[in-house]
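Visitor: Next up is a structure, given as structure tokens.
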Amino acid sequence: THPHTSAGRIPTALGYRYYIEHFLDKTAPLASAHQARLDATVATAAEPVVKQLAKEIAAISNDAVLVSLNYSSFYYTGITNLFRKPEFRDVAEVTVLSELIDHLDDVMTALQQRSFSDIEVLLAEDNPVSEYCATVITRYAVTPHISGVMAILGPTRMNYQLNHQILRHVHSVFNSNINKPVVV
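The opening position of the sequence shown corresponds to residue -7 in this note's numbering, with each subsequent residue numbered one higher.
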């Protein structure tokens, strides 16, 4: 698409969807430095760890992170990362993101109720967060009592490969920790 005369061409949501379906390597490992950073945060299974992990993910991805905690409370971090991106310098886009933050509980409830397995990428009209953003999302469980949805939110041109790797790594670490026997 060509948003205005002085702009270059940018891929449409359909183009990004094609890339995700045909070229995204869903088995590529996350860089070991990023793995170590996330693993160090996950070492303790508690709600504050999920919030700290969200901060680490936001720092690594340079996008925003939305997390539901036990289907009753929600947390977000990295919104500043979005406001620094050229897509969100327009007042209309800032307004859309501000509305998202104001209605985060509705957005996260919609994401929690959505049926998906493993890691999913939501774009354009398929994205309940915003049609102006892309969302890479997964379910997580730290313990049987601490679980929810974790999503990386960014512009449609986000780094899908990195964000998919991050959430796949976090998902696998949580699943391996939750299945370990508790030593008393």
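Cβ atoms here follow ideal geometry from the backbone N, Cα and C, with glycine treated the same way.
Could you name each continuous alpha helix (DSSP H) segment of 4 residues or more that falls completely within the segment 75 to 146, going from the start of the chain to the end?
Guide: The qualifying runs are 83 to 94, 96 to 105.
Visitor: So what does LEU58 bridge to, in DSSP terms?
Guide: Counting from one through the sequence shown, the residue named residue 58 turns up at place 66. According to DSSP, LEU58 bridges with TYR68, ALA143.
Visitor: Using only alpha-carbon positions, find the residue among GLU112, MET150, ARG149, VAL121 that is nearest to LEU159.
Guide: In the sequence shown, residue 159 corresponds to position 167, counting from 1. Among GLU112, MET150, ARG149, VAL121, the Cα nearest to that of LEU159 is on GLU112.
Visitor: With a 10 Å radius around its C-beta and 16 neighbouring C-beta atoms as the bar for buried, classify ASN119 as buried or exposed.
Guide: Residue 119 sits at position 127 when you count from the first residue of the sequence shown. So ASN119 ends up on the buried side.
Visitor: I need the DSSP call for ASP17, collapsed to helix, strand or coil.
Guide: Start at 1 with the first residue of the sequence shown, and residue 17 comes out as number 25. Coil at ASP17, not helix or strand.
Visitor: For ALA23, which of helix, strand or coil comes out of DSSP?
Guide: Here residue 23 refers to the residue found at position 31 when the sequence shown is read from its first residue. Here ALA23 sits in coil by DSSP.
Visitor: Tell me whether the segment 141 to 152 and the segment 120 to 128 touch, counting them as touching only if at least three CB pairs, one residue from each stretch, are closer than 8 Å.
Guide: Contact between the segment 141 to 152 and the segment 120 to 128 is present, because at least three Cβ pairs lie under 8 Å.
Visitor: Give me the Cα-Cα distance between ALA37 and ALA102, rounded to the nearest whole angstrom.
Guide: Position 45 of the sequence shown holds residue 37. Position 110 of the sequence shown holds residue 102. Reliability fails at ALA37, whose pLDDT of 49 lies under 50, so the model's placement of it is uncertain and no value is given.
Visitor: Please state whether the Cβ-Cβ distance between TYR152 and ILE12 is less than 8 Å.
Guide: Here the question's residue 152 lines up with position 160 in the sequence shown. Here the question's residue 12 lines up with position 20 in the sequence shown. Yes. Within cutoff.
Visitor: Distance check for SER139 and LEU61, CA to CA, integer angstroms please.
Guide: The residue you call residue 61 lines up with position 69 of the sequence shown. The residue you call residue 139 lines up with position 147 of the sequence shown. For LEU61 and SER139, the distance between alpha carbons rounds to 6 Å.
Visitor: I need the straight-line Cα distance from ASP97 to TYR67, nearest angstrom please.
Guide: Indexing the sequence shown from 1 puts residue 97 at position 105. Indexing the sequence shown from 1 puts residue 67 at position 75. Looking at the two C-alpha atoms, the distance is approximately 9 Å.
Visitor: If you measure between the beta carbons of ASP94 and GLY70, is that distance less than 8 Å?
Guide: As a first step, residue 94 must be located in the sequence shown, where it is residue number 102. As a first step, residue 70 must be located in the sequence shown, where it is residue number 78. No, the pair does not count as a contact, with Cβ atoms beyond the cut-off.
Visitor: Taking DSSP as the reference, what is the three-state secondary structure of ALA37?
Guide: The residue labelled residue 37 in the question sits at position 45 within the sequence shown. Residue confidence is low: ALA37 scores 49 on pLDDT, short of 50, so the model does not pin down where it sits. No coordinate-derived value is stated.
Visitor: To the nearest angstrom, how far is the alpha carbon of ALA46 from that of GLY0?
Guide: Here residue 46 refers to the residue found at position 54 when the sequence shown is read from its first residue. Here residue 0 refers to the residue found at position 8 when the sequence shown is read from its first residue. So the alpha carbons of these two residues sit roughly 34 Å apart.
Visitor: Just verifying my parser: in three-state terms, what is the DSSP assignment at GLY0?
Guide: Here residue 0 refers to the residue found at position 8 of the sequence shown. It is coil, neither helix nor strand.
Visitor: Compute the Euclidean distance between the alpha carbons of ARG81 and THR4, then round it to the nearest angstrom.
Guide: The sequence position of residue 81 within the sequence shown is 89, counting from 1. The sequence position of residue 4 within the sequence shown is 12, counting from 1. So the alpha carbons of these two residues sit roughly 19 Å apart.
Visitor: Sort VAL59, GLN27, ALA25 by Cα distance to VAL121 and report the nearest one.
Guide: Residue numbering aside, residue 121 sits at position 129 when the sequence shown is read from its first letter. Nearest C-alpha to VAL121: VAL59.
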